[in-house]
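According to my numbering, the stretch in the sequence shown is residues 32 to 310, in order. All remarks here apply to the structure that follows.
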Amino acid sequence: MKINDLLSIIEQTGIYPSKKLGQNFLIDENLLNFIAKTADVKKDENIIEIGPGLGSLTERILESEAMLTAIEFDHKLFDYLKFKYKSRENITLINEDACRTDYTKLTANIPEYRLISNLPYSISTPLMAKFADLENPPAGMLLLLQKETALRFIATPNTKDYGSITIRLQLLYQGELVRTVSPNVFFPKPDVQSAILKLTRKTVYPDISARKKVDAIVKTAFLKRRKKLKNTIAPLFGERAIEKAFSEMGLNPNARPEDISPQDYLILSSYLPVLAASN
């Protein structure tokens, strides 16, 4: 969708981008084509799109003959999309807050699906946390989002961007920052740089029970990320259990939460309860 097309729609419908909802519409055809090519959506593939806006990316997904579920919170945009795609049989439109959507119910009859979206900046992190908590998380994601957020999702230990959401996502996905995106491809232009992030689900990943155990540790640990990890989680498992686990795993007893890899958090989460119970 080009800027003139967008302005024409705005004039005809009275739909203006909402700053409150973090709406920045894509107006660069080259970028849309790049996203479509990178996504490589197959016929009859199940896709979820969050925040379809005026349907620029939606159109590319539908052209591939995928089965698309698009979730739009804005009532005016929802009505616009409902009218625009009234004759399309391969799209289901849902008018609700994507952060409140029951994705377990939504995907109950879908064994595999992907998330492809130009995400509203303000909800990127809570949305990813929600997907990371699913028993059946997306098989992959291709996301256009704030670059700063994308870097947090793929951060490495011992960096300022590494945090709870990093660990939760990296237990499930291999991440790749595909490219940086200029503010000029949006209307209105955001004040920050954006990026395209690709997340591919690992062939083997922890089940929901194991991930919940990790979550319990990292959420506690990163409340005080500058403190020693062993001191932060001592109330959960006891000092003796933690010291033994650190020693046997070869972890630095002075390590802070940001120093521990996702895999080591996974091992700690299964080992510490056993040690705590035996003390």
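Every residue gets a Cβ at the ideal spot worked out from N, C-alpha and C, and that includes glycine. Note that the coordinates shown come from a computational prediction; the quantities given were computed from them, not determined experimentally.
Alpha-carbon to alpha-carbon, residue j and residue i
i      : j      : result
Arg309 : Ala163 : Sequence inspection shows Ser at residue 309; the Arg mentioned does not correspond to that position. Whole-angstrom Cα-Cα distance: 31 Å.
Lys115 : Phe109 : 10 Å
Phe277 : Leu202 : 20 Å
Leu260 : Lys178 : 28 Å
Ile239 : Glu270 : 27 Å
Met98  : Ala286 : 46 Å
Val245 : Gly206 : 19 Å
Gln294 : Phe184 : 15 Å
Ser213 : Asn262 : 43 Å
Leu52  : Ser153 : 8 Å
Three-way DSSP call (helix, strand, coil) for residue i in this model
i      : result
Ala308 : helix
Ile78  : strand
Pro284 : coil
Leu85  : coil
Lys246 : Reading off the sequence, residue 246 comes out as Asp, not Lys. Asp246: helix per DSSP, three-state reduction.
Asp71  : coil
Tyr47  : coil
Ile291 : coil
Arg256 : coil
Where the alpha helix (DSSP H) through residue i begins and ends
i      : result
Ile273 : 270–280
Asn55  : Where Asn55 is concerned, there is no enclosing alpha helix (DSSP H), given that its DSSP letter is neither H nor E.
Ser39  : 34–44
Leu260 : 260–263
Test item: CB-CB of residue i and residue j under 7 Å
i      : j      : result
Ser311 : Pro188 : With the chain covering 32 to 310 only, the question about residue 311 has no answer from this structure.
Thr123 : Asn167 : no
Ile92  : Ile125 : no
Leu173 : Asn149 : no
Glu289 : Arg242 : no
Ala307 : Ala265 : no
CB contact check: residue i to chain B, cutoff 7 Å
i      : result
Arg257 : The structure shown contains no chain B; it holds only a single protein chain.
Where are the beta strand (DSSP E) runs, 3 residues long or more, that stay fully inside the stretch 166–238, in chain order? Runs of the beta strand (DSSP E) inside the stretch 166–238: 171–177, 204–212, 225–232.
Whole runs of the alpha helix (DSSP H) within the stretch 95–166, excluding any shorter than 4 residues: Runs of the alpha helix (DSSP H) inside the stretch 95–166: 106–115, 134–137, 155–163.
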